[in-house]
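2 protein chains.
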Amino acid sequence: MLKDLDHLMSARGIGAVIVPMHEQLHASFRWLTRGAKVTRGYAIKLVDREPLLVSYPMEREEASATGLETRLASEFGSEQIFRDAPSPAAGYAQLYDAILSDVGAEGSVAFFGNVPFQLYHGVAHELEARGRVVHRSNGEDLIQLARKRKDRWEIDAIRSVGERTELVVDRVREVLRAATIDGDRLLYEGRALTLGDLKQLVSSEITRNGMIEDHDTILSQGRDAGIPHSRGDASAIVRPSVPIVLDIFPLDRASGYFFDETRTFCVGPIPDELRTIHSHVLEAFERARDAMRAGNRASLYQELVCDLFEHRGYETTRRNPATLSGYVHSLGHGVGLEIHEKPSFSLSPANSDLIEPGDVLTIEPGLYFPERELGVRIEETFVVRDDGTVESLCRSSCALEP
Amino acid sequence: MLKDLDHLMSARGIGAVIVPMHEQLHASFRWLTRGAKVTRGYAIKLVDREPLLVSYPMEREEASATGLETRLASEFGSEQIFRDAPSPAAGYAQLYDAILSDVGAEGSVAFFGNVPFQLYHGVAHELEARGRVVHRSNGEDLIQLARKRKDRWEIDAIRSVGERTELVVDRVREVLRAATIDGDRLLYEGRALTLGDLKQLVSSEITRNGMIEDHDTILSQGRDAGIPHSRGDASAIVRPSVPIVLDIFPLDRASGYFFDETRTFCVGPIPDELRTIHSHVLEAFERARDAMRAGNRASLYQELVCDLFEHRGYETTRRNPATLSGYVHSLGHGVGLEIHEKPSFSLSPANSDLIEPGDVLTIEPGLYFPERELGVRIEETFVVRDDGTVESLCRSSCALEP
Numbered sequence: 082m083l084k085d086l087d088h089l090m091s092a093r094g095i096g097a098v099i100v101p102m103h104e105q106l107h108a109s110f111r112w113l114t115r116g117a118k119v120t121r122g123y124a125i126k127l128v129d130r131e132p133l134l135v136s137y138p139m140e141r142e143e144a145s146a147t148g149l150e151t152r153l154a155s156e157f158g159s160e161q162i163f164r165d166a167p168s169p170a171a172g173y174a175q176l177y178d179a180i181l182s183d184v185g186a187e188g189s190v191a192f193f194g195n196v197p198f199q200l201y202h203g204v205a206h207e208l209e210a211r212g213r214v215v216h217r218s219n220g221e222d223l224i225q226l227a228r229k230r231k232d233r234w235e236i237d238a239i240r241s242v243g244e245r246t247e248l249v250v251d252r253v254r255e256v257l258r259a260a261t262i263d264g265d266r267l268l269y270e271g272r273a274l275t276l277g278d279l280k281q282l283v284s285s286e287i288t289r290n291g292m293i294e295d296h297d298t299i300l301s302q303g304r305d306a307g308i309p310h311s312r313g314d315a316s317a318i319v320r321p322s323v324p325i326v327l328d329i330f331p332l333d334r335a336s337g338y339f340f341d342e343t344r345t346f347c348v349g350p351i352p353d354e355l356r357t358i359h360s361h362v363l364e365a366f367e368r369a370r371d372a373m374r375a376g377n378r379a380s381l382y383q384e385l386v387c388d389l390f391e392h393r394g395y396e397t398t399r400r401n402p403a404t405l406s407g408y409v410h411s412l413g414h415g416v417g418l419e420i421h422e423k424p425s426f427s428l429s430p431a432n433s434d435l436i437e438p439g440d441v442l443t444i445e446p447g448l449y450f451p452e453r454e455l456g457v458r459i460e461e462t463f464v465v466r467d468d469g470t471v472e473s474l475c476r477s478s479c480a481l482e483p
Numbered sequence: 082m083l084k085d086l087d088h089l090m091s092a093r094g095i096g097a098v099i100v101p102m103h104e105q106l107h108a109s110f111r112w113l114t115r116g117a118k119v120t121r122g123y124a125i126k127l128v129d130r131e132p133l134l135v136s137y138p139m140e141r142e143e144a145s146a147t148g149l150e151t152r153l154a155s156e157f158g159s160e161q162i163f164r165d166a167p168s169p170a171a172g173y174a175q176l177y178d179a180i181l182s183d184v185g186a187e188g189s190v191a192f193f194g195n196v197p198f199q200l201y202h203g204v205a206h207e208l209e210a211r212g213r214v215v216h217r218s219n220g221e222d223l224i225q226l227a228r229k230r231k232d233r234w235e236i237d238a239i240r241s242v243g244e245r246t247e248l249v250v251d252r253v254r255e256v257l258r259a260a261t262i263d264g265d266r267l268l269y270e271g272r273a274l275t276l277g278d279l280k281q282l283v284s285s286e287i288t289r290n291g292m293i294e295d296h297d298t299i300l301s302q303g304r305d306a307g308i309p310h311s312r313g314d315a316s317a318i319v320r321p322s323v324p325i326v327l328d329i330f331p332l333d334r335a336s337g338y339f340f341d342e343t344r345t346f347c348v349g350p351i352p353d354e355l356r357t358i359h360s361h362v363l364e365a366f367e368r369a370r371d372a373m374r375a376g377n378r379a380s381l382y383q384e385l386v387c388d389l390f391e392h393r394g395y396e397t398t399r400r401n402p403a404t405l406s407g408y409v410h411s412l413g414h415g416v417g418l419e420i421h422e423k424p425s426f427s428l429s430p431a432n433s434d435l436i437e438p439g440d441v442l443t444i445e446p447g448l449y450f451p452e453r454e455l456g457v458r459i460e461e462t463f464v465v466r467d468d469g470t471v472e473s474l475c476r477s478s479c480a481l482e483p
C-alpha cells in the first residue's frame, strides 16, 4: 500500500524515492506507476505525495493513461543534459538533480528497483558529488516492503488471475481423465501423451485466458517430480501410477499480478507409498492453513510444518540443510507483481516477516524422494482477511485423482 | 560473443565480472549462463575462463543442464554466512568474497545486470570494506557490449523466431483479406472486427508457435498509428482506408531471443496521401538497407534517412527535437536477448556504435501525423553478414495491401 511507503520513507528520513525503468519492466516500477506501459521512465515519490512519472514524448499517452501526474524528461532539460554530459551516469545524475530540485525534494534520495547496476552505481556517486545525500540501504527494499499488504483492487486482480488459472488446471484434468492406460504410458486421442503436449495445452490456455506464462510451468513426473524446481522433460510420455506435479504461476496480461497453484495428480492405480505421502502433505497443508493468523511470524508456520513432517519421520532441511529428500523448501511466499514477494517463511534469523491482513501468500508444503521417483506438492494462493484468517483463492480439489 | 567480453575486461583491468540474478531474469544473466532456468544464481566470469554458475540445491539440475561449471552457494559457506551476517548486503559481500578467493580472481570486480539496486549498492560498499576494488563504470555495460556481435547459433535462433513471427503476421493478413467493408467498419465472419480480436489472434498465434508476447503487440489504427508507441485501442472496430500498424516483437520461449517486425496495412481504397507517405517510408527503408555496410557508424544511417525525409519536406526530430509530426524516432536498434540492444542509431554525440558483422538489428523508418490520423512504419530485422552487407530475416511483402 502506498501509505506504507510514506511511513517507511518518513521513518528512515528519506525525502525522495526514485524508481527508474530502462527497457526491462520490473515490479517496483509497475507498482509505483500503476502499470504504465512505457519502455523507459522514472517514477519519483515524495512523502505524502502521489508519484510523478517522467517519460518521453513517444509514450506520453501511455504515461498519462496511468492517471498520475506526468512530465516529459525534456521539461527538465534532458536533451541538453545528455548532449553535454561526460558520461551517461553523469547525465542521469544531472537530470535527477534537476527533477528533485523542481519538485522540491528535501533530504536524502533513495533508488529502488531492478536497474542496470553499472549505470546507477555511477549515478549515485555523481549525485553525491553534486551534494545530494544518496541513501545506502543494507539491502532493505522499501518498495518491496510497501508492496506486501495489498489494496482491495490488487486482491481483486489476483482473485481474477486465480479464477482463470483454475480454468487452465481444469483443462489438464480433462485430458488426464480422458487418457487411457497402455502398459507404462498414457494414450490420448489414440497417441502417446507427452508432458510436452500438456505443457503446450497449458501455454495456449494461459494465453487464451488473458495471462502470460512468464516462467515455464512446472510439469514433471516421477523422479523429476522429486526435484521441486525441475521443469520436467517435455519429450517424456506421461506414465500411469506416478506422481505428476503441475505447478502453474501465470501473470495477468493487463494488471501484471501473479497467481500460484500446484496440484499433484496420478492416473491409474495409485501406489500405497504415494497415497501415504500425499496424505501427509495434505495434512501439513491443511494444518498450516487452519492455523495461520495475522499477527504471527510467517516462520512460525514453517516450524509447524517441519515439526509435523519430522514427527512423521521425514527429513527436513531444518534438521539437515544438505538433505535432498523429504521436506526441502519453504512453506510458501507472498505473491503479487512478483511471483515471490513478502512475507518470507524462511527460518533465517534475519526473517521477522509477519502475517498481516492484506497479505497475499501461498501455502505449499511438499515431500520429495527423487531416488524413489516420488514427489508431491500441494499449493494454493491465499489472501489474509481483516479478521486475521486466510481465504483460499483456489476452488479445485487437492486429490491425486485428476 | 564471449571472447569480446574477455577483451573488454582485459582492456579495463577487470579481473572478475559478477552477474547476479534474484528472481527477475535479465538478459545479461541469460546470456552468460546460456539460458539457465534458475530463479536465483550468480554467474562469475574471469578473463579467458568459461563462466561459473553458482546456484542452489533445488535447481542443481537446471544449473548443470547449461553445460557450465556449476557450484552450490553452500560450498562457499552461504548458510553460515547469511545466518551470521549483520545485513543481506554484508552477507552477499562475504559470499562473493569467498567465491572470488576460491576461483582465484585477481584485480577489480565489476557487477553487471539489472539487479536490485539497494542491495548491490550495499554489496559494493561492503566488498570495498573487505579490501576488494569494485569497478565503478560511467554507465558502460560490458556485457551489453559483448552481446552486440552474435555467434552463429544466436543468429540461427533469431532467424527461427523470425520465421515464426512471419507465420503470425500471415494470420493477421488472412483475417484482413477475408474481412468485408461495411461503411466505416470491417466485418469478419459476420460481425464487427475489433483491434482486440486481432490482438487476441496475435497472442494465441505467438504462443502456439513457441514464443512469448513479453510486451504488448502494437496494433493501432488511424490517429493511434500516428503515435509510434501507442498500443492501440482494443475495443476499436477496424476501419477501412486508414493505416493499421502491426508492430510485433515476440521472444522465443526456449532461447529467449527476440525478433522485431512492423507492417502497415490498409484495407479497402487507399487514400492518396497514405499511399504517398507509405512510398516515402519504403524508399527510406530500402535506401538504408541497401546502403548499410559494416565498418560505418550506425548514426550515419539515421542521418541518411533524416536527409531523405527532410528533402521530401517532412519534419524530423533532428531538425526540431520537439516535433510530434514527421520522422520522430531512431532508424532502428540491435535485437537479441533484449528487444533494444546495441548498436544504437542515435545521433547523440555520445553514440559511436559501429555496424559490425554478426550484429542483428532493425531498420524501421516511419512517418507520423497524428493530427491527420496517419502513421506508417516499415520494419525488418537484419543480420550483418561477414561481407558487410545486411540480410533481412523477413520474407513478407511491405505493401499496404494485406
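Protein chains in written order, with the working numbering: chain A, 82 to 483; chain B, 82 to 483.
Each residue gets a CB set at the ideal place from its N, CA and C atoms; glycine is no exception.
Asked: Under the three-state DSSP convention, the category A/PHE163 falls into; Found: helix
Asked: At least 3 beta-carbon pairs within less than 8 Å: the region 327-342 of chain A vs the region 404-417 of chain A; Found: yes
Asked: Local conformation of A/LEU435 per DSSP, three classes; Found: strand
Asked: A/LYS280 versus B/THR462: straight-line alpha-carbon distance, rounded; Found: 30 Å
Asked: With 16 other Cβ atoms within 10 Å as the buried cut-off, status of B/ILE161; Found: In the sequence under discussion, the amino acid at residue 161 of chain B is Gln, which differs from the Ile named in the question. Per the 10 Å Cβ criterion, exposed.
Asked: B/GLU156 at chain A interface by Cβ criterion, 8 Å; Found: no
Asked: Inter-stretch contact (C-beta, 8 Å, three-pair minimum) for the region 116-123 of chain A and the region 133-143 of chain A; Found: yes
Asked: Contact set between the region 258-290 of chain B and chain A, restricted to residues whose Cβ is under 7 Å from the partner; Found: SER284, SER285, THR288, ARG289
Asked: Three-state secondary structure assigned by DSSP to A/PRO451; Found: helix
Asked: A/ASP237: first and last residue of the uninterrupted alpha helix (DSSP H) it sits in; Found: 233-259
Asked: Below-8 Å beta-carbon distance, B/ALA538 vs any chain A residue; Found: In the structure as shown, chain B begins at 82 and stops at 483. Residue 538 of chain B is therefore absent and cannot be evaluated.
Asked: Same chain only: Cβ atoms within 6 Å of A/LEU268, ignoring 5 sequence neighbours per side; Found: THR261
Asked: Beta-carbon proximity of A/ARG368 to A/LEU381, cut-off 8 Å; Found: no
Asked: Contact under 8 Å by Cβ, A/PHE193 with A/ILE224; Found: yes
Asked: Partner residues on chain B for A/ARG458, Cβ-Cβ distance less than 8 Å; Found: Under the 8 Å cutoff, chain B gives no residues; its nearest Cβ is about 12 Å from A/ARG458.
Asked: Chain-ordered residues of the region 298-315 of chain B with a beta carbon less than 9 Å from chain A; Found: ASP305, ILE308, PRO309, HIS310, SER311, ARG312
Asked: B/GLY158 and B/ALA144 closer than 8 Å at C-beta; Found: no
Asked: Rounded separation between A/SER477 and A/VAL249 - CA only; Found: 11 Å
Asked: Nearest candidate by alpha-carbon position, reference B/HIS361, set B/GLU247, B/HIS310, B/GLU221, B/ALA480; Found: B/ALA480
Asked: Classification of A/ALA108 by the beta-carbon crowding that lies within 10 angstroms, buried from 16 upward; Found: buried
Asked: 8 Å Cβ cutoff, A/GLU482 in contact with chain B; Found: no
Asked: Closer than 8 Å to chain B by CB, A/MET139; Found: yes
Asked: 8 Å Cβ cutoff, A/TYR382 in contact with chain B; Found: no
Asked: Sub-8 Å separation of A/THR275 and A/ALA315 beta-carbons; Found: yes
Asked: Cα-Cα separation, B/GLU175 to A/VAL196; Found: The residue you asked about is not Glu; residue 175 of chain B is Gln in the sequence shown. Roughly 22 Å between the two C-alpha positions.
Asked: Given B/ASP183 as reference, the closest of B/VAL204, B/ARG230, B/LYS126, B/VAL457 once Cα atoms are compared; Found: B/LYS126
Asked: Partners in chain A for B/LEU200, counting only beta-carbon separations shorter than 9 Å; Found: SER218, ASN219, GLY220, GLU221, ASP222
Asked: Chain-ordered neighbours of B/VAL196 on chain A, where CB pairs are closer than 7 Å; Found: ASN195, PHE198
Asked: Short-range partners of chain B found in the region 408-429 of chain A, where Cβ spacing is below 8 Å; Found: VAL409, HIS410, GLU419, ILE420, HIS421, SER429
Asked: Residue closest to B/ASP265, alpha-carbon to alpha-carbon, out of B/GLU294, B/SER301, B/ILE318, B/ILE299; Found: B/ILE318
Asked: Option nearest B/HIS421 by Cα separation, candidates B/GLU472, B/GLU445, B/ALA375, B/CYS475; Found: B/GLU445
Asked: Same chain, Cβ closer than 6 Å to B/GLY439, five either side skipped, listed in chain order; Found: ARG230, LYS231
Asked: Cα-Cα separation, B/ALA170 to B/ALA205; Found: 8 Å
Asked: For A/HIS414, the residue or residues it bridges with in DSSP; Found: A/SER425
Asked: Residue-chain proximity (B/GLY447, chain A), Cβ-Cβ < 8 Å; Found: no
Asked: Cα-Cα separation between B/THR246 and B/PHE330, rounded to whole angstroms; Found: 8 Å
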